[in-house]
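K.L.:
Chains as they are written, first to last, in my numbering: chain A, 427 to 637; chain B, 427 to 637.
Below is a structure I'd like to ask you about.
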DNA sequence: ATATAAAGACCGACTGGTTGGTTTGTTCAC
DNA sequence: GTGAACAAACCAACCAGTCGGTCTTTATAT
């Protein structure tokens, strides 16, 4: 084991470097050197530097989209679904932080052919969230005066921004952060009745004992 | 009047191009051409392409920081202060959207000497928000179980993310968006008592008539 | 007021380093 | 022997930055 293929080594190295210096701050030569590969090996595995960037994007968005759809299927009320999606999404930051950073910092530089594919999945992800909010409002669990789009983008923004400040070895565990976000969201969008009902469920995690 | 200096023309053009194509997706030659300037004119006004990037960053962060400090001084309760800060911040998006996009997309590429200066002001801005939240908790207006940092970063993230989706000519006015954010935030952080009191103030804007 | 000098704004052809990508030839394993 | 990987030289395009020079404005001297 621990037998990483050349391709994996290249991706890992590129990810680390891109995260720190940005796509344009890293040359192919440097990726090649630091992953103990060769120019030939690089271009054997990737058509171009662009394709490598696309690959990184794709791995991440595909994973996140799947997780969201999974969460949607595994739960059956809007509140539970939303919590599960947010929770799984936040947890992704622990594993995929470099991917996420690259995803949100460098997508400008994707060639049109690539960015189109990525955007399709990204939109699909957004739609899952919008859908849950819409269903929550219809079911009377979420406040009816909310705008689906703004509320959805508020949640997405709040969660996504984590990539700018989350430190894997920082004072906050990713679970604590997720719990705060969920608490924040539920207080905002649940109706008064729904709050009563939800107060003792697994997702209403933020109690006085946490700082 | 309408006499724009060369420097202004260069900045405006650069801003437009950077927003769309990213810092590294735009050459000095292109900036020069599209602003009807020359290479010499460019380097007469800026020491380097880097300095231009720094300038754009600085204008924005300085403005935002001032607005936040202003808002802090003009109001006197934590709730009012927080609302005023968020409101002024969101409104900035209308005027400074290109600046903001460049600020959050391209700051990786600032040379260390520049990014240090920028980060100082950015931290100062964060501290204003943290301070207000801290005071809100102490005053009993905000829920005591909240983490100052996570709550602060949630708010900042929610608001900042706007730059990814806000369209100046879109269906939502910037005021509507600001009202939603404030509604979202207040529902989350106010204590029950504070909510009763605040319900009729100027900031609790989101009522049933808005979709 | 006029001539002259100095300063600053601006121009654009040119340069030199960088970098993504190619090519050629080789090694090694299955 | 076929394909995965390496090594190294090479190329063409690109692009930030330079430099010598012009034109305009301002300051100075007579």
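Every residue, glycine too, gets a C-beta built ideally from N, C-alpha and C.
Computed from a predicted structure; not experimentally measured.
Once you ignore the five residues that flank residue 519 of chain B on each side, which residues in its own chain have a CB closer than 7 Å to its CB?
P.N.:
Stepping through the second chain from its first residue, residue 519 of chain B is reached at position 93. Excluding residues within five positions, the ones whose Cβ falls inside 7 Å are 526, 588, 589, 592, 600.
K.L.:
Do we get a CB-CB distance below 9 Å when we pair residue 566 of chain B with the residues of chain A?
P.N.:
As a first step, residue 566 of chain B must be located in the second chain, where it is residue number 140. It does not: the Cβ of residue 566 of chain B has no partner Cβ on chain A nearer than 9 Å.
K.L.:
Using a Cβ-Cβ distance cut-off of 9 Å, determine whether residue 476 of chain A contacts chain B.
P.N.:
Residue mapping note: residue 476 of chain A aligns to position 50 of the first chain, counting from 1. Taking Cβ atoms only, chain B never reaches closer than 9 Å to residue 476 of chain A, which makes this a no.
K.L.:
Within 10 angstroms of the Cβ of residue 497 of chain B, are there 16 or more other Cβ atoms? Answer buried if so, exposed if not.
P.N.:
For this step, residue 497 of chain B is matched to residue 71 along the second chain. Buried, because 16 or more other Cβ atoms sit within 10 Å of the Cβ of residue 497 of chain B.
K.L.:
Kindly confirm or deny that the stretch 594-613 of chain A and the stretch 571-580 of chain B touch, where touching means at least three C-beta pairs closer than 8 Å.
P.N.:
yes
K.L.:
How many Å lie between residue 487 of chain B and residue 442 of chain B at the Cα?
P.N.:
Position 61 of the second chain, counted from the first residue, corresponds to residue 487 of chain B. Position 16 of the second chain, counted from the first residue, corresponds to residue 442 of chain B. Residue 487 of chain B and residue 442 of chain B have their C-alpha atoms spaced approximately 18 Å apart.
K.L.:
Does residue 558 of chain A have its Cβ less than 9 Å from a Cβ in chain B?
P.N.:
Walking along the first chain from the start, residue 558 of chain A turns up at place 132. Chain B, which has no Cβ nearer than 9 Å to the Cβ of residue 558 of chain A, makes this no.
K.L.:
Would you call the stretch 526-538 of chain A and the stretch 432-450 of chain A in contact, with 3 or more CB pairs under 8 Å?
P.N.:
yes
K.L.:
What are the start and end residues of the alpha helix (DSSP H) that includes residue 591 of chain B?
P.N.:
The residue given as residue 591 of chain B occupies position 165 in the second chain. Counting along the chain, the alpha helix (DSSP H) containing residue 591 of chain B begins and ends at 588-591.
K.L.:
For residue 583 of chain A, does the count of other Cβ atoms within 10 angstroms reach 16, so buried, or fall short, so exposed?
P.N.:
Along the first chain, read from residue 1 onward, the residue named residue 583 of chain A stands at position 157. The residue is buried, with at least 16 neighbouring Cβ atoms inside 10 Å.
K.L.:
If you follow the alpha helix (DSSP H) that residue 514 of chain B is part of, which residue opens it and which one closes it?
P.N.:
The residue given as residue 514 of chain B occupies position 88 in the second chain. It spans 504-532 - the alpha helix (DSSP H) in which residue 514 of chain B sits, taken as one unbroken run.
K.L.:
Please classify residue 549 of chain B as buried or exposed, where buried requires at least 16 other C-beta atoms within 10 Å of its C-beta.
P.N.:
As a working mapping, residue 549 of chain B is identified with position 123 in the second chain. By the neighbour-count rule (16 or more Cβ atoms within 10 Å), residue 549 of chain B is not buried but exposed.
K.L.:
Count the other CB atoms within 10 Å of the CB of residue 455 of chain B; is the residue buried (16 or more) or exposed (fewer)?
P.N.:
Here residue 455 of chain B refers to the residue found at position 29 when the second chain is read from its first residue. The residue in question, residue 455 of chain B, is exposed, as its Cβ has fewer than 16 Cβ neighbours within 10 Å.
K.L.:
Report buried or exposed for residue 453 of chain A, applying the criterion of at least 16 other Cβ atoms within 10 angstroms of its Cβ.
P.N.:
In the first chain, the residue the question calls residue 453 of chain A occupies position 27. Exposed.
K.L.:
CB of residue 515 of chain A to nearest heavy atom of the ligand SAM: below 8 Å?
P.N.:
No copy of the ligand SAM appears in this structure; indeed no ligand is present at all.
K.L.:
What in chain B is Cβ-close to residue 544 of chain A, meaning under 8 Å?
P.N.:
If you number the first chain from 1, residue 544 of chain A lands on position 118. Neighbours of residue 544 of chain A on chain B: none; closest Cβ ~14 Å, over 8 Å.
K.L.:
Under DSSP, the alpha helix (DSSP H) around residue 597 of chain A begins and ends at which residues?
P.N.:
Numbered from its first residue, the first chain carries residue 597 of chain A at position 171. Careful: residue 597 of chain A lies outside any alpha helix (DSSP H) and carries neither H nor E.
K.L.:
Tell me the DSSP bridge mates of residue 616 of chain A?
P.N.:
Position 190 of the first chain holds residue 616 of chain A. Its beta-bridge partners are A:568.
K.L.:
Going by beta-carbon coordinates alone, are residue 504 of chain A and residue 571 of chain A separated by less than 9 Å?
P.N.:
Position 78 of the first chain holds residue 504 of chain A. Position 145 of the first chain holds residue 571 of chain A. Contact flag unset, no.
K.L.:
What do you get for residue 536 of chain B, buried or exposed, if any count of 16 or more other CB atoms within 10 angstroms of its CB means buried?
P.N.:
Indexing the second chain from 1 puts residue 536 of chain B at position 110. Buried.
K.L.:
Between the Cα of residue 462 of chain B and the Cα atoms of B:489, B:559, B:431, B:564, which residue gives the shortest distance?
P.N.:
Working through the second chain from its first residue, we reach residue 462 of chain B at position 36. It is B:431 whose Cα lies nearest to the Cα of residue 462 of chain B.
K.L.:
Grab the span of the alpha helix (DSSP H) containing residue 468 of chain A for me, first residue to last.
P.N.:
For the purposes of this step, residue 468 of chain A is identified with residue 42 of the first chain, where counting begins at 1. Run containing residue 468 of chain A: 465-471, per the alpha helix (DSSP H) assignment.
K.L.:
Anything in chain B within Cβ reach of residue 586 of chain A, meaning under 9 Å, just list it in chain order.
P.N.:
In the first chain, residue 586 of chain A corresponds to position 160, counting from 1. Result: 583, 587, 590.
K.L.:
Report the neighbours of residue 451 of chain B on chain A: residues whose CB is nearer than 8 Å to its CB, in chain order.
P.N.:
On the second chain, position 25 is the one that residue 451 of chain B refers to. Within 8 Å Cβ-Cβ: 534, 535.
K.L.:
Taking a contact to mean a Cβ-Cβ separation below 9 Å, would you say residue 615 of chain A touches residue 613 of chain B in this structure?
P.N.:
Counting from one through the first chain, the residue named residue 615 of chain A turns up at place 189. Counting from one through the second chain, the residue named residue 613 of chain B turns up at place 187. Contact check for residue 615 of chain A against residue 613 of chain B passes: the beta carbons are separated by less than 9 Å.
K.L.:
Enumerate in chain order the residues of its own chain whose CB-to-CB distance from residue 495 of chain A is below 8 Å, with the five nearest sequence positions on each side excluded.
P.N.:
As a first step, residue 495 of chain A must be located in the first chain, where it is residue number 69. Same-chain partners within the cutoff: 554.
K.L.:
How many whole angstroms separate the CB atoms of residue 384 of chain B and residue 608 of chain B, which I take to be in contact at a CB cut-off of 8 Å?
P.N.:
This structure gives no information on residue 384 of chain B, because the portion of chain B shown stretches from 427 to 637.
K.L.:
Starting from residue 462 of chain B, follow the alpha helix (DSSP H) in both directions and report where the run begins and ends.
P.N.:
Along the second chain, one-based indexing puts residue 462 of chain B at 36. Careful: residue 462 of chain B lies outside any alpha helix (DSSP H) and carries neither H nor E.
K.L.:
Does DSSP classify residue 451 of chain A as helix, strand or coil?
P.N.:
Here residue 451 of chain A is taken as the residue at index 25 of the first chain, counted from 1. Of the three classes helix, strand and coil, the one that applies to residue 451 of chain A here is helix, per DSSP.
K.L.:
Going along chain B, which residues have a C-beta under 8 Å from residue 531 of chain A?
P.N.:
For the purposes of this step, residue 531 of chain A is taken as the residue at position 105 of the first chain. Residues of chain B passing the Cβ test: 531, 534.
K.L.:
Does DSSP put residue 432 of chain A in a helix, in a strand, or in coil?
P.N.:
Here the question's residue 432 of chain A lines up with position 6 in the first chain. Residue 432 of chain A falls in the helix class under three-state DSSP.
K.L.:
Name, going along the chain, the residues of the stretch 603-624 of chain B whose beta-carbon falls closer than 7 Å to a beta-carbon of chain A.
P.N.:
603, 606, 607, 610, 613, 614
K.L.:
Could you give the distance in angstroms between the alpha-carbon of residue 469 of chain B and the alpha-carbon of residue 543 of chain B?
P.N.:
As a working note, residue 469 of chain B is residue 43 in the second chain. As a working note, residue 543 of chain B is residue 117 in the second chain. Rounded to whole angstroms, residue 469 of chain B to residue 543 of chain B spans 22 Å at the Cα level.
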